[in-house]
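J.:
2 protein chains.
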Amino acid sequence: MVKVHKCIVGDESACSKAGLAIRDTLDVVGGKWKLVLISMLRDGKMRFRELSRQAEISPRILSKELQEMEMNGLVTRTVCNTKPVTVEYALTPYSETLSEVIIAMHKWGVQHRKRIIERV
Amino acid sequence: MVKVHKCIVGDESACSKAGLAIRDTLDVVGGKWKLVLISMLRDGKMRFRELSRQAEISPRILSKELQEMEMNGLVTRTVCNTKPVTVEYALTPYSETLSEVIIAMHKWGVQHRKRIIERV
DNA sequence: AATACCGGTTACAAAAAGGATACTATATGG
DNA sequence: CCATATAGTATCCTTTTTGTAACCGGTATT
Numbered sequence: 001m002v003k004v005h006k007c008i009v010g011d012e013s014a015c016s017k018a019g020l021a022i023r024d025t026l027d028v029v030g031g032k033w034k035l036v037l038i039s040m041l042r043d044g045k046m047r048f049r050e051l052s053r054q055a056e057i058s059p060r061i062l063s064k065e066l067q068e069m070e071m072n073g074l075v076t077r078t079v080c081n082t083k084p085v086t087v088e089y090a091l092t093p094y095s096e097t098l099s100e101v102i103i104a105m106h107k108w109g110v111q112h113r114k115r116i117i118e119r120v
Numbered sequence: 001m002v003k004v005h006k007c008i009v010g011d012e013s014a015c016s017k018a019g020l021a022i023r024d025t026l027d028v029v030g031g032k033w034k035l036v037l038i039s040m041l042r043d044g045k046m047r048f049r050e051l052s053r054q055a056e057i058s059p060r061i062l063s064k065e066l067q068e069m070e071m072n073g074l075v076t077r078t079v080c081n082t083k084p085v086t087v088e089y090a091l092t093p094y095s096e097t098l099s100e101v102i103i104a105m106h107k108w109g110v111q112h113r114k115r116i117i118e119r120v
């Protein structure tokens, strides 16, 4: 399940110009939910239902997203021996390499919202 | 065409937990192409065909993406009085507020690719 | 006239993403 | 026995996104 874009050797310029690195990142963390979920999990581990409710994401999609993120080494899935079985999702250390991205996007979202609202 | 997510007043916690700011950012700059195009335009203005060829993006999609980015104040479109009419697309000053995001994603893409390749 | 380049648009098709609903199975409390 | 809660899965369907191919109007070259 390794995803990296083809890059012709010696064609560095074209590759970098076409935003190869950006596309690699988007392959792992693109889409509507992954960055949002990671952002939420930064406050601490959460259970499936909890994530589903707070993000308002359907179980089907949530399940799929979490599996993909697990495969990419971004989250761990832990089954707990509780009365009704619960499952905890938590970020891995590797996911912390994404913090710059998350923080930058969070900051931008906040300032952009201000910009939009202030000029009503 | 203003896009910001609803946020119930006084419900700050739930909103921030659900990654509201991240979603706002993704609304403007999410999808397969916008960040790639901005990243390319950071090296200087480009014409329509140039962008289309280098990014390997079809004219239809490119046109749509550029229009959306123009509406969001991220790029400018300038028609030039040349032999066959050419059109230049360039980043706006506002788009520079995205540079942290772009740089972070670029860096992550590069390091992630390394990580993937080194453990073949 | 024929060709080719520019910046697109139109019509159509395919694929990916997302969502609604119901349902599995286990277990607790009433 | 019934309701509720847990974590999902299965099925079906709609929406969004992306792509392909052809084409237009204009200009320049051959």
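Going down the list, the protein sequences come from chains A and B. Numbers 1 to 120, taken from UniProt numbering, label the letters of the first sequence in order. Numbers 1 to 120, taken from UniProt numbering, label the letters of the second sequence in order. Note that beta-carbon positions come from the ideal geometry of N, C-alpha and C, so glycine has one too. As the structure is a computational prediction, the values presented were derived from the model and not from experiment.
Between the alpha carbons of A:K45 and B:N81, how many angstroms are there, rounded?
T.: As a working note, residue 45 of chain A is residue 45 in the first sequence. As a working note, residue 81 of chain B is residue 81 in the second sequence. Answer to the nearest angstrom: the Cα atoms are 58 Å apart.
J.: Per DSSP, what kind of secondary structure is A:T76 in: helix, strand or coil?
T.: On the first sequence, position 76 is the one that residue 76 of chain A refers to. In the structure shown, A:T76 sits in a strand (DSSP, three-state: E or B).
J.: Out of A:I102, A:K114, A:R115, point me to the one whose CA is closest to A:D43's CA.
T.: Looking up residue 43 of chain A in the first sequence gives position 43. For A:D43, the nearest C-alpha among the options comes from A:I102.
J.: Could you give the residue range of the alpha helix (DSSP H) that holds B:V36?
T.: Residue mapping note: residue 36 of chain B aligns to position 36 of the second sequence, counting from 1. Unbroken alpha helix (DSSP H) run through B:V36: 34-41.
J.: Using the three-state DSSP reduction, which class does A:R60 fall into: helix, strand or coil?
T.: Numbered from 1 along the first sequence, position 60 holds the residue referred to as residue 60 of chain A. In the structure shown, A:R60 sits in a helix (DSSP, three-state: H, G or I).
J.: Between the beta-carbon of B:L51 and the beta-carbon of B:L37, is there less than 8 Å?
T.: Position 51 of the second sequence, counted from the start, is the residue given in the question as residue 51 of chain B. Position 37 of the second sequence, counted from the start, is the residue given in the question as residue 37 of chain B. Yes; because the gap between Cβ atoms is below 8 Å, this pair is in contact.
J.: Would you check whether the ligand ADP has a heavy atom nearer than 7 Å to the C-beta of B:R60?
T.: The ligand ADP is absent from the structure shown, which contains no ligands of any kind.
J.: Which residues bound the beta strand (DSSP E) around B:L91?
T.: Residue 91 of chain B sits at position 91 when you count from the first residue of the second sequence. Unbroken beta strand (DSSP E) run through B:L91: 86-91.
J.: Given that a residue counts as buried once 16 or more other Cβ atoms are within 10 Å of its Cβ, and exposed if not, what is A:M40?
T.: Residue numbering aside, residue 40 of chain A sits at position 40 when the first sequence is read from its first letter. Looking at its Cβ environment, which holds 16 or more other Cβ atoms inside 10 Å, A:M40 is buried.
J.: For B:V4, does the three-state DSSP call read helix, strand or coil?
T.: Indexing the second sequence from 1 puts residue 4 of chain B at position 4. Correct three-state label for B:V4: coil.
J.: According to DSSP, is A:R115 part of a helix, a strand, or is it coil?
T.: As a position in the first sequence, residue 115 of chain A is number 115, starting the count at 1. DSSP places A:R115 in helix when its eight states are reduced to three.
J.: Could you tell me the boundaries of the alpha helix (DSSP H) in which A:S52 lies?
T.: Taking the first residue of the first sequence as position 1, residue 52 of chain A is located at position 52. Unbroken alpha helix (DSSP H) run through A:S52: 48-55.
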